[in-house]
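Below is one structure, written out as structure tokens; comments come after it.
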Amino acid sequence: MAEGLRAAATIARRDLRSRLRDRSALVTAFAAPLVLAVILSVALGGPDEGFETTIALADEDGGSLGEGLREALAGGELAEIVDVVEVADAGAARRALADGSALAALVVPEGLSESLASEAGGDLLVLRDPDAGLSGDLATAIAQGAANEIERGRLAVELAVAAGALPPGQGEGVAAAARARPAALALVDDDVEGGLSGAASYFGPAMAVFFVFFVVGAGPQSLLRQRREGSLARLAAAPIPRGAIALGTAASVGALAFLSIATLWLVMSLGFGARWGEPLGVLALAAGVTAAAMALTTFVATLARTEEQVSGWTSIIVFTLALLGGSFGALPPALEPLSLATPNGLALRGFVDLAAGGGLEVVVVPVAGNLAFAAAAAALAAPRLHRLVAP
Amino acid sequence: MTSPTPAASALRTVPAIVLTALRLVVRDRLGLFFIVVLPFIIILLFGVGGAGIATAAIGLAVDDGPEASALAEALEADAALSVERYAEASALRRAVRRGDLVGGLVVDDLEADLAAGRTAEVRWLADPASTRAVATEVAVRAVLGELDARLTAVAVAVDDLGVPRADAVAAAAETPEGRLLGVEEEALGDARFAWGVDEVAQQNAVLFIFITGLTGGVALIESRRRGTARRMLASPSSATTILLGEGTARFALCALQAALIVGGAALLFGVAWGTPTVVVAIVGLFCLVATGASMLFGASLSNPEQAWAIAPPAGIALGMLGGALWPLEIVGPTMQAIGRLTPHAWAIDGLRAARAGEGLGDVTSALAVLAAWAGALLVVATWRLRRSLTA
């Protein structure tokens, strides 16, 4: 037993050393996941280069409404992100959108102030370029802000009338008081960690988990290669239990998988401010998904006849699991259960919860799920395992 | 008997090389999975599955009370929103982080603030990088605006006009709806980019033509390693004929992939690809780009394992940069500029133009860039391959 373990340890050491010298193993374990994680994080997470837009203002009305919009656009944060171009009328605003000199437009139709004063009502017009959704949203929000202010005045007057408390001739005063009052409700932005570090906290683990399957999948494939090349037969002549060969190989690819995950963890944390959360939880998730990947790829290897088949089937399964598991972006909510049925999806759920500040309890289900997955795949592989290490 | 002219020999040899290469692909079930099945799984998951989510799920964490119920009801009444109540702000934050919710609202002392006439702060928790969250915030802001007007009217009646609070609240409930000032939105034209099955199908065509090209290069490495091509030189085939044959074979493979995605997506998902001449020209040129990349890849690497390790990640990475996994519109200016350096971005531009009904004259810059890419890659690849054949 002890001798077997010693033999396994020797095999693991030598195997790992030769893997670390093999260029394709280095690409799979380090270069590819890092490059993809960095592109994903930088592309989808920022860095926030600052949103800026140009909004055309067509004040056909020339009354207080246009004045209010002008003030809103010139004040506070808006002034920093919005350039305002004043145009004569709605036609000119349309032309500005068409030639790209503005990305959205606010139009105050002629006579609007008057029809508001006479309580006939009317609409502010927002012109949107469908390809500049954010600018359109901003223009709409500004218009709605103006509309809300009018609404405050109207409601206050109506309510005072309904309560029988409106002093005669005081309507305008009440409306003005309502408009001038500080907001009862104020929406303030409270960013959930997003942006670059948020993306790096998601796509780092996502790519780590994706490539772990390729890294450990190389284990059973190398056993098959050794059998073809006859080195297994030669090993069989030595007093080494067959299990030691499999154990040694598993230990070496498992160690490489951990090195791969740890490298991503380090680079995404130091380089991109990612926070993966509680280190023990990260290790547990890494162990769980590595075990699942190892058992699954071993099972695949016991089914196939040639090395080409093994590597082919492994990539098919790995790509499918990665897609379903959300490695390249979360699936639509309706497909979420499908996602959680994959080892990738389970592990990623754990990583996301950890990164959001969850304690060790959030990894219990993902780790247990992956260990169960590993046990099931191992049970399926067990009866055929001898095929891998038979000389 | 006269020996055949070089042209006649090439005419016989080139189709033979092409047919052999295609036969090898069709016989390889792994290759077929990547070429035939995977693109459609992705279109199904991200195109069909992702489209048509009408309501945005948001969370609300606020202590129970009459104002809290009014807030929840008002939000729920908006057709664009579905609201889930959370007892703990931390659980809500985690759900947003995880992507279960588009955003969340947290209010700490709603009832107390309103009763005291203070502004109640409503925190909007969202990933600032999410465009969906920004659009949802506009809807939330509109709902809060309505509510704010009502609350302000009550406050004015109570504070300025001395109406008892209970009476004011009762009167507010009876005050007729109907704003004086509305906001009317008008979109100018159709969106060039609309998330949905058409866009995903276009992205996938570009992504997979290129990946198929790169993995097709692996066969070239095999044939170089086995010396097949060199041995063919001993036959009456010239190096030019062999290169032409190998090139045509890669091109045929890419074209097969293109035809499958274009035809399959049109048949299965009803994708309208648009102006046929533009689609054929853009896809044809992009297949040439992929052919050049394939041959360069095949000429530069020395063993198939390396190629298998590098090709899919490299194809995915270029696809990400070039907007073949997500639209370039959602990334920042720097990443967009980098994306413009890839042929992928130009191919997608061209395909979008085709879908918008534009003609060949409208896509000259895309055609020119793709032609330049194809020319450069093919020249370098041919030079390297010829050297490896004849050196």
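Top to bottom, those sequences are chains A and B.
Numbering of the first sequence is given in the working numbering, commencing with residue 744 and proceeding in unit increments.
Numbering of the second sequence is given in the working numbering, commencing with residue 14 and proceeding in unit increments.
Where is the CB? At the ideal position from N, CA and C, for every residue including glycine.
Is the beta carbon of residue j closer than 8 Å to that of residue i?
{"i": "L164(B)", "j": "L118(B)", "result": "no"}
{"i": "R985(A)", "j": "V1132(A)", "result": "yes"}
{"i": "A926(A)", "j": "T132(B)", "result": "yes"}
{"i": "I885(A)", "j": "L849(A)", "result": "yes"}
{"i": "G1020(A)", "j": "A1090(A)", "result": "no"}
{"i": "I255(B)", "j": "A214(B)", "result": "no"}
{"i": "W339(B)", "j": "L930(A)", "result": "no"}
{"i": "L174(B)", "j": "R897(A)", "result": "no"}
{"i": "L1097(A)", "j": "V1105(A)", "result": "yes"}
{"i": "A799(A)", "j": "A839(A)", "result": "yes"}
{"i": "R1127(A)", "j": "T1057(A)", "result": "no"}
{"i": "L868(A)", "j": "E199(B)", "result": "yes"}
{"i": "L35(B)", "j": "A74(B)", "result": "no"}
{"i": "E853(A)", "j": "E803(A)", "result": "yes"}
Put residue i into one of helix, strand or coil per three-state DSSP.
{"i": "L859(A)", "result": "helix"}
{"i": "G63(B)", "result": "The pLDDT assigned to G63(B) is 48, lower than 50, so where the model puts this residue is not dependable; a value taken from the coordinates is nonetheless given after this. Here G63(B) sits in coil by DSSP."}
{"i": "D172(B)", "result": "helix"}
{"i": "T1063(A)", "result": "helix"}
{"i": "T288(B)", "result": "coil"}
{"i": "E235(B)", "result": "helix"}
{"i": "E198(B)", "result": "strand"}
{"i": "G876(A)", "result": "helix"}
{"i": "W137(B)", "result": "strand"}
{"i": "G1101(A)", "result": "coil"}
{"i": "T132(B)", "result": "coil"}
{"i": "G809(A)", "result": "helix"}
{"i": "R353(B)", "result": "coil"}
{"i": "M14(B)", "result": "Any reading at M14(B) must be qualified, since the residue scores a pLDDT of 44, below 50, and its modelled position is unreliable; the value itself is stated next. In this structure, M14(B) counts as coil in the three-state DSSP scheme."}
{"i": "I1004(A)", "result": "helix"}
{"i": "S95(B)", "result": "strand"}
{"i": "D802(A)", "result": "strand"}
{"i": "V935(A)", "result": "coil"}
Determine the closest residue to residue i out of the options, with distance taken between C-alpha atoms.
{"i": "R399(B)", "options": "L331(B), G202(B), L233(B), P356(B)", "result": "L233(B)"}
{"i": "A170(B)", "options": "T188(B), V153(B), V156(B)", "result": "T188(B)"}
{"i": "E89(B)", "options": "D76(B), Y99(B), I222(B), A70(B)", "result": "A70(B)"}
{"i": "V135(B)", "options": "G158(B), A186(B), I30(B)", "result": "G158(B)"}
{"i": "R813(A)", "options": "V827(A), R1018(A), E820(A), E803(A)", "result": "V827(A)"}
{"i": "I329(B)", "options": "D375(B), N217(B), A312(B)", "result": "N217(B)"}
{"i": "A836(A)", "options": "L1123(A), L870(A), G806(A), D804(A)", "result": "L870(A)"}
{"i": "I351(B)", "options": "A366(B), A367(B), L334(B), L364(B)", "result": "L334(B)"}
{"i": "S807(A)", "options": "A949(A), S844(A), L859(A)", "result": "L859(A)"}
{"i": "S236(B)", "options": "L37(B), A21(B), L24(B), L354(B)", "result": "L37(B)"}
{"i": "Q270(B)", "options": "C300(B), R178(B), N316(B), P317(B)", "result": "C300(B)"}
{"i": "V151(B)", "options": "A186(B), S82(B), L57(B), V196(B)", "result": "V196(B)"}
{"i": "R111(B)", "options": "D934(A), P873(A), Y945(A), A882(A)", "result": "Y945(A)"}
{"i": "R263(B)", "options": "G287(B), F223(B), P289(B), A186(B)", "result": "F223(B)"}
{"i": "R1130(A)", "options": "Q969(A), V1061(A), E1079(A)", "result": "Q969(A)"}
{"i": "P52(B)", "options": "V27(B), A278(B), V115(B)", "result": "A278(B)"}
Using a C-beta to C-beta distance shorter than 7 Å, which residues of chain B count as neighbours of residue i?
{"i": "E857(A)", "result": "Going along chain B, no residue has its Cβ under 7 Å from E857(A), so there is no contact; the nearest lies around 12 Å."}
{"i": "N891(A)", "result": "G158, D161, A162"}
{"i": "D739(A)", "result": "Within the shown structure, residues of chain A are numbered from 744 to 1134, placing residue 739(A) beyond reach of any answer."}
Who are the neighbours of residue i on chain A, taking C-beta pairs under 9 Å?
{"i": "T132(B)", "result": "P925, A926, A927, L928, A929"}
{"i": "P326(B)", "result": "V770, T771, A774, A775, P776, V778, L779, F954"}
{"i": "P52(B)", "result": "Correct list: empty, because the minimum Cβ distance to chain A is about 11 Å."}
{"i": "M308(B)", "result": "Simply none; closest approach about 21 Å."}
How would you list, in chain order, the residues of chain A whose beta-carbon sits under 8 Å from the beta-carbon of residue i?
{"i": "L24(B)", "result": "The contacting residues do not exist; L24(B) stays about 33 Å from chain A at best."}
{"i": "A170(B)", "result": "A899, L902, A903, A906, A908"}
{"i": "F223(B)", "result": "Those within 8 Å of F223(B) in chain A number zero; the least Cβ separation is about 15 Å."}
{"i": "P189(B)", "result": "E901"}
{"i": "M333(B)", "result": "L779, I782, L783, A786"}
{"i": "G195(B)", "result": "G864, G865, D866, L867, A890"}
Residues of chain B with CB under 9 Å from residue i, in chain order?
{"i": "A711(A)", "result": "Past the boundaries of the shown model lies residue 711(A); chain A is included only from 744 to 1134, so the question cannot be answered."}
{"i": "F946(A)", "result": "Chain B residues near F946(A): none, gap ~10 Å exceeds 9 Å."}
Please compile the residues from chain A whose C-beta is within a distance smaller than 7 Å of the C-beta of residue i.
{"i": "W321(B)", "result": "S1054"}
Can you tell me whether residue i sits near the ligand SAH, meaning its C-beta is under 7 Å from at least one heavy atom of the ligand?
{"i": "A884(A)", "result": "Ligands in the displayed structure: none, and consequently the ligand SAH is not present."}
* To do: Taking 8 Å as the threshold, find out whether the region 299-319 of chain B comes into contact with the region 380-397 of chain B through three or more Cβ pairs.
  => yes
* Check whether the region 916-924 of chain A touches the region 1001-1015 of chain A, counting contact only when three or more Cβ pairs, one atom from each stretch, lie closer than 8 Å. => no
* Can at least three beta-carbon pairs, one atom from the region 822-838 of chain A and one from the region 794-809 of chain A, be found at a separation below 8 Å? -> yes
* Asked: Within the chosen definition, does the region 899-913 of chain A reach the region 1034-1054 of chain A through at least 3 CB pairs nearer than 8 Å?
  -> Output reads no: the region 1034-1054 of chain A does not touch the region 899-913 of chain A.
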